[in-house]
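From first to last, the protein sequence lines stand for chains D and Z.
Going by the working numbering, the first residue of the first sequence is number -10, and it counts up by one from there.
Going by the working numbering, the first residue of the second sequence is number -10, and it counts up by one from there.
For glycine and all other residues, C-beta sits at the position ideal for the given N, C-alpha and C.
The model shown is predicted, which means the values in this text are computed figures rather than measured ones.
Number of protein chains: 2
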Amino acid sequence: MFETAEIGHKLAKSQYRREEPRLRERLLKLQYRLLENAGFPVVILVNGVDGAGKGDTVNLLNEWMDPRHIRTRAFGPPGDDARERPEMWRYWKALPPKGRIAILFGSWYSDPIFERVAGHRKRARLERRLERIRHFERMLVAEGTLLIKLWFHLSEKAQAKRLKELRAHEETAWRVGPGEWKHHKHYAGYIAACEEALRETATAEAPWDIVDSSDAAYRALTTGRLIADRLAARLAGKHPKMSPPPPPPATPIDGKTLLAALDYSHRLGHDEYKRKLEKLQAEIALLTRSKAMRNRSLVLAFEGMDAAGKGSTIRRITAALDARHYRVVPIAAPTDEERAQPYLWRFWRHVPGHGEVAIFDRSWYGRVLVERVEGYASEFDWMRAYPEINDFEEQLAQAGAIVAKFWLAITRAEQLRRFHAREEVSYKRYKIGPDDWRNRRKWPAYERAVADMVERTSTRSAPWHIVASDDKHYARIAVLEMLRERLEKAL
Amino acid sequence: MFETAEIGHKLAKSQYRREEPRLRERLLKLQYRLLENAGFPVVILVNGVDGAGKGDTVNLLNEWMDPRHIRTRAFGPPGDDARERPEMWRYWKALPPKGRIAILFGSWYSDPIFERVAGHRKRARLERRLERIRHFERMLVAEGTLLIKLWFHLSEKAQAKRLKELRAHEETAWRVGPGEWKHHKHYAGYIAACEEALRETATAEAPWDIVDSSDAAYRALTTGRLIADRLAARLAGKHPKMSPPPPPPATPIDGKTLLAALDYSHRLGHDEYKRKLEKLQAEIALLTRSKAMRNRSLVLAFEGMDAAGKGSTIRRITAALDARHYRVVPIAAPTDEERAQPYLWRFWRHVPGHGEVAIFDRSWYGRVLVERVEGYASEFDWMRAYPEINDFEEQLAQAGAIVAKFWLAITRAEQLRRFHAREEVSYKRYKIGPDDWRNRRKWPAYERAVADMVERTSTRSAPWHIVASDDKHYARIAVLEMLRERLEKAL
């Protein structure tokens, strides 16, 4: 993997002096075109071996370009808020908006590689993390990010030479501590883990560039040119080839759908409802205040056709919760800030910490429901959303979140009845508009989308609960019962 | 995942009787078009839960189509020869040639799923096997195979009903033994493992089709139509979308290549050569006859420019081996049988069993060397070959093979000298022809291909050994020393 980067590439000083100013000007111009165009963000990952001059290179890039529009971030051990959340959370937070450049030092590769080298983790565990990274990067690129992955390399010999050089000069001696020498001693094991990480994550959409770093001039010019070339190509409209997502399932030959096959006849009387409601709310109140909840979190997502009763059901849940620890997140049109980021970014920002509850009134499923049906998202975009969503929820679950998703299912006739009722009651009239009637006309398309969604995103760690909701009492009790059961199992 | 397949799809008997003859005729016609066209093979995977009628369906397919051109294979526990080889070996052996259909019962999914359900293996281990399967299937499809993956599904309830029905009739009672009821008892755990396996392997190029099997007529017609539709689409030239392979590495800005940077000045005198040769051959003889070799195997691949000395070096190795246990495989143009199979098939068939040695004089690297340079393989084909080859070699290593690859590197001047020498010696003249002169003119393209190849396929389990070979004595001793070292480490 590193063979070509170990043959000692070199550049004459004179050539460097001649080419550097031109490269600088080119980079700056490209950066300004990126800012004006603001069509995509740029993420540059800086990784490599100790002593390869990663810091010098980052400084140089900030010198060559306008540093006000570059976010440079280094990642040390995760803080408390990051430890309570999925491991990718802090990287989501560091993503630049469209038009900007982020230089991520160490990035999401350092952690898994170090864990592996330190022997904390098995190879199989490293491979799972690498797969997650592959999915994350594919998502970034599919969302439009220009992702440049740089690996600054030194052979074992070159590293020894470089560390000695640094130590020999007063002004750089501080950069070589016992840590660096210790790493150097384990060079072979370290490089083996790196090699695996690079190989497994060198994809068509997010390839690695390995930079021989034994000569400072060669390293600097190679890096600068690489970034300029990629940026120029992308500004000229050249997109990387993406892997296609899996095709949607075939339509059953008898035409029967999941929602149509549901039994909507359940009814629940008022008294029984009241009695059950109180009991369930008390149970949920106890469970969510239990000690076991202190290092867990709860993520609920509610979806359903218009007027299915999402809001009123959510209120029956929040009545049982401690107001300091829950947040209801209603999902409407994204803000400007959210629009400048990948699709899932606006949900990641609401991921709860330990002991907290987040309830989403509509959710990240918008992409495979309304955006699919209305054509707001391209087929490529909504098809790739299924695995992306599965990844997101799996990460939540692995970080200790209890994830429950509810589809409140009503019949078309019941929806019509509720629409009319809304129009008749003055204080409910704001809840019904032309959008609702338009959505209603697309009922069969929504039914199809729901069936595909459930089939593709109902997982063991984040199952879909489909609740027949023509009777509101029955539906609310069913949701609370399912929730109690999930909480009991998990806590 | 299985939600839509559990809502009880059904077909009226009358509809079945009406449609079955038409479907039958259509399938048979398509099968004959496939045979005549002989452009691609068809692989149908039959998987699913107990009692879902997999066997009945396979019988039906053999009845509907011409069974002489269908190979039906079921896979039980692996036999001795399979256990000594990589786990995918027996599936490679079952692949049909172009124009034919293979129905694989259980296929490469049964093993990993059962291992997981039985709790022998961790989840991480399952995921690694699934990744291997994903790569294998991508390779099959990229090589032209029409791959149809069927999952015959029953809900827990439907399975219980079906097993009881089978037991109730004298002629089918034998099909339900204690094994089936035991599986049924662990339905939930089994389905969880299946769901993960299906989700992780539902790719764009090899999606799953889930068939609700609670009604025999629905199941049969759905399966038949699915196969007919896929076959018809493929015969009409519709190919699945493939994921693009990673792009090749960028050219270094100083233009220096791996082979040009090698030190070719080593020389070795005749006496020292003789002494070292004898000693090394004795050591290798002992190592390959050691007890530790009884459950290992050895795979050697030799590559190099024309006249680099591959044949004579191989002879220095075989001199140390037991003739009963080694085979030298010279790689020339593929046979007809080999041409009707995926590219790597002709190498898989020579994978050695325990205690055996296979030496390849030229190898599977032809695709990224001569086929790339001469344009025999498309860019898509040689680019995807790197990860395919890495998979192949990793599987060899995991099955206990010691894999060593040698590139015998000579300078262009030395090659010229050897070409002239060959033309002058009568008994060597057969070794030089117009092909050699033509290859020689493409030297820089080969250099580039070699650098890319080494960078992408030199791994810890199957490293490249690059040997400066302008001096034959030096090169032979270097190869034998590397080989001894690899054997010592491994045994």
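Beta-carbon proximity check, residue i vs residue j, cutoff 8 Å
i             : j             : result
residue 102/Z : residue 186/Z : yes
residue 390/D : residue 286/D : yes
residue 266/Z : residue 305/Z : yes
residue 238/Z : residue 444/Z : yes
residue 220/D : residue 84/D  : no
residue 324/Z : residue 317/Z : no
residue 344/D : residue 314/D : yes
residue 481/Z : residue 33/Z  : Given a span of -10 to 480 for chain Z in the structure shown, any question on residue 481/Z remains unanswerable.
residue 8/D   : residue 210/D : yes
residue 506/D : residue 234/D : No statement about residue 506/D is possible, as the shown extent of chain D runs from -10 to 480 and does not include it.
residue 482/D : residue 357/D : Given a span of -10 to 480 for chain D in the structure shown, any question on residue 482/D remains unanswerable.
residue 269/D : residue 473/D : yes
Closer than 8 Å to chain Z by CB, residue i
i             : result
residue 102/D : no
residue 5/D   : no
residue 242/D : yes
residue 111/D : yes
residue 31/D  : no
residue 320/D : no
residue 212/D : no
residue 230/D : yes
residue 250/D : yes
Residue range of the unbroken alpha helix (DSSP H) whose run includes residue i
i             : result
residue 169/D : 167 to 174
residue 44/Z  : 43 to 53
residue 428/D : 423 to 430
residue 525/Z : Outside the shown range of chain Z, which is -10 to 480, sits residue 525/Z, and nothing can be said about it.
residue 59/Z  : From DSSP, residue 59/Z is part of no alpha helix (DSSP H) but of the beta strand (DSSP E) over 59 to 63.
residue 368/D : 368 to 387
residue 84/D  : Looking at the DSSP string, residue 84/D is not in any alpha helix (DSSP H), and its letter there is neither H nor E.
Start-to-end residues for the beta strand (DSSP E) that takes in residue i
i             : result
residue 94/Z  : 90 to 94
residue 454/Z : 453 to 457
residue 142/D : 135 to 142
residue 394/Z : 390 to 398
residue 198/D : 197 to 201
residue 348/D : 346 to 350
residue 358/Z : Careful: residue 358/Z lies outside any beta strand (DSSP E) and carries neither H nor E.
Local conformation of residue i per DSSP, three classes
i             : result
residue 298/D : coil
residue 246/D : coil
residue 415/D : helix
residue 443/D : helix
residue 253/D : coil
residue 311/Z : coil
residue 161/Z : helix
residue -6/D  : helix
residue 0/Z   : coil
residue 468/D : helix
residue 193/D : coil
Proximity test, Cβ basis, 8 Å: residue i and chain D
i             : result
residue 114/Z : yes
residue 471/Z : no
residue 490/Z : Absent from the structure is residue 490/Z, since the part of chain Z shown begins at -10 and ends at 480.
residue 449/Z : yes
residue 457/Z : no
residue 191/Z : yes
residue 220/Z : no
Neighbour-count burial assignment, residue i, 16 or more Cβ in a 10 Å radius
i             : result
residue 293/Z : buried
residue 422/Z : exposed
residue 319/D : exposed
residue 337/Z : buried
residue -8/D  : buried
residue 97/Z  : buried
residue 414/Z : exposed
residue 403/Z : buried
residue 170/Z : exposed
residue 163/D : exposed
Near the ligand MN: residue i beta-carbon under 7 Å from a heavy atom
i             : result
residue 252/Z : Ligands displayed in this structure: none; no statement on the ligand MN is therefore possible.
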